[in-house]
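Some notes on the structure that comes next.
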Amino acid sequence: MKSMEKVKIDSEKCKGCHLCVYFCPSKCLKISDKINKSGYKYAVFVNKDKCKSCGFCFLVCSDVAIEVFK
Ligand code: SF4
Ligand code: SF4
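In the working numbering, the protein residues as written are 15 to 84.
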């Protein structure tokens, strides 16, 4: 069975503020070079093996673009 992603980011809700990238203690997130429909470079989940499902990224995102699964 394929394992579920620990973090899901809605690229269309993201405003590219960098907060989740800054606060992730495991450096799992980065800002992509791609642009969403609103014109923002959005956050992507890149370092999947290091994610601790701590939820910091979810807590700091005021645009509710991130979901974290245990
Ligand atoms: S905190 Fe939210 S809005 Fe800001 S870059 Fe991360 S996902 Fe995007
Ligand atoms: S859940 Fe924690 S470790 Fe995983 S991406 Fe978010 S802030 Fe980083």
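All C-beta atoms, glycine included, are put in the ideal place defined by N, C-alpha and C.
Query - I23 in three-state terms, based on DSSP - result: One-based indexing of the sequence shown puts residue 23 at position 9. The answer is strand: DSSP assigns I23 an E or B state.
Query - Residue burial classification, I49 (beta-carbon count within 10 angstroms, cutoff 16) - result: Translated into positions along the sequence shown, residue 49 becomes position 35. The residue in question, I49, is exposed, as its Cβ has fewer than 16 Cβ neighbours within 10 Å.
Query raised in the report: Should I80 be listed as close to ligand 2, given that the test is whether its C-beta is under 8 Å from any heavy atom?
Result: Translated into positions along the sequence shown, residue 80 becomes position 66. For ligand 2, at least one heavy atom lies less than 8 Å from the Cβ of I80.
**Report entry** For V74: DSSP bridge partner residues
**Finding:** Along the sequence shown, one-based indexing puts residue 74 at 60. For V74, no pairing in a beta bridge is given by DSSP.
Requested in this report: Tell me whether K29 counts as near ligand 1, meaning its Cβ is closer than 8 Å to at least one heavy atom of that ligand.
Outcome: Counted from its first residue, the sequence shown places residue 29 at position 15. Yes, Cβ of K29 sits closer than 8 Å to a heavy atom of ligand 1.
Query raised in the report: Under 9 Å between the Cβ atoms of C71 and V82?
Result: Counted from its first residue, the sequence shown places residue 71 at position 57. Counted from its first residue, the sequence shown places residue 82 at position 68. Contact flag set, yes.
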